[in-house]
Each structure stands twice: as C-alpha cells, then as structure tokens.
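K.L.:
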Amino acid sequence: MKIIISEAEALHIKAICDIQVESFSRLYNEVPVRNHGKLHPSGPQFNERSREINKFMADEYVKVRQNPDYLFSANPALIANFRSILDIFADEAEFDTEVVTSIMLKIDLVLFVSEHIN
12 MKIIISEAEA LHIKAICDIQ VESFSRLYNE VPVRNHGKLH PSGPQFNERS REINKFMADE
72 YVKVRQNPDY LFSANPALIA NFRSILDIFA DEAEFDTEVV TSIMLKIDLV LFVSEHIN
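In the working numbering, the protein residues as written are 12 to 129.
1) Any idea what DSSP makes of Glu105, helix, strand or coil?
2) Does the distance from the C-beta atom of Arg62 to that of Lys25 stay below 7 Å?
3) The alpha helix (DSSP H) spanning Asp98 covers which residue range?
4) Leaving aside the five residues before and after Leu89 along the sequence, list all residues of the same chain whose C-beta is less than 6 Å from its C-beta, in chain order.
5) By DSSP, does Lys74 sit in helix, in strand, or in coil?
6) Give the DSSP-derived three-state secondary structure of Met12 in the structure shown.
7) According to the Cβ coordinates, are Lys117 and Ile14 closer than 7 Å?
8) Could you round the C-beta distance between Ile114 and His23 to whole angstroms and report it? I think they count as a contact, below 8 Å.
9) When the Cα of Met68 is compared with those of Gln56, Leu82, Pro55, which residue comes out closest?
Structure follows, in structure tokens:
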C-alpha cells in the first residue's frame, strides 16, 4: 500500500524520529540493568539483548528520519511504537493537531491493513 504524505507530515515524522533516536541511543549507551544482572544468571544475556533491541530501534528510526515514507512500510511493531510516541507528543506546542491527526489516521490504516492481510 502506498501512503502519500505531505511536507508538513514529513516534518512532524522527522521530529518524532529525532526524539526517538535520542531516547533509544541514550538507552543503548546506559549502564546495564544492574538488578536483573545480580538476581538472575542470565543477566548478561538480558543486558546484551536489551542493547541489541535499543540499537535496532534507533537504527529503524534513523531510516524513517531519512525517508519518512519508510514508516508506512516498516515493521508493524515500529509503526505502533511510532504511533504511541506521536500520541504522547500530540499536544506539544510545536506539533500541529491537524497534521498529527492525519498521520495517526494513516498509521491506523496501515496497521489495520497489515493486521487483516497477515
């Protein structure tokens, strides 16, 4: 499915990507989860897996940042994560409510179609 986005939508998508790349990069570079490591023998594996996931998500958001159209063909989990973050920041002053609503509707459409095709 081809989703066409406006320039304003692309700018909003890039702004959310900037937030997410910073967030996942920060998580990736943080000190490992100490409590889990002390309490469970698989602590090192848990920490490594968490780092891999954070790096993967940061990389995916970089791809979307470079090409906002990529969002609508990405993994449904990434699309759903993006929508959740967009929902959180929807009321921020720098985001236009109409543009945010339009992006959310497009995301919902993509998620609906992907859920019913697979």
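By construction, the Cβ of each residue, glycine as well, lies at the ideal position given by its N, Cα and C atoms.
P.N.:
Judging by the given coordinates:
1) Assignment of Glu105 by DSSP, reduced to helix, strand and coil, places it in the coil class.
2) no
3) That run of the alpha helix (DSSP H) goes 87-100.
4) Glu71
5) helix
6) coil
7) Yes, they are a contact pair.
8) 6 Å
9) Leu82
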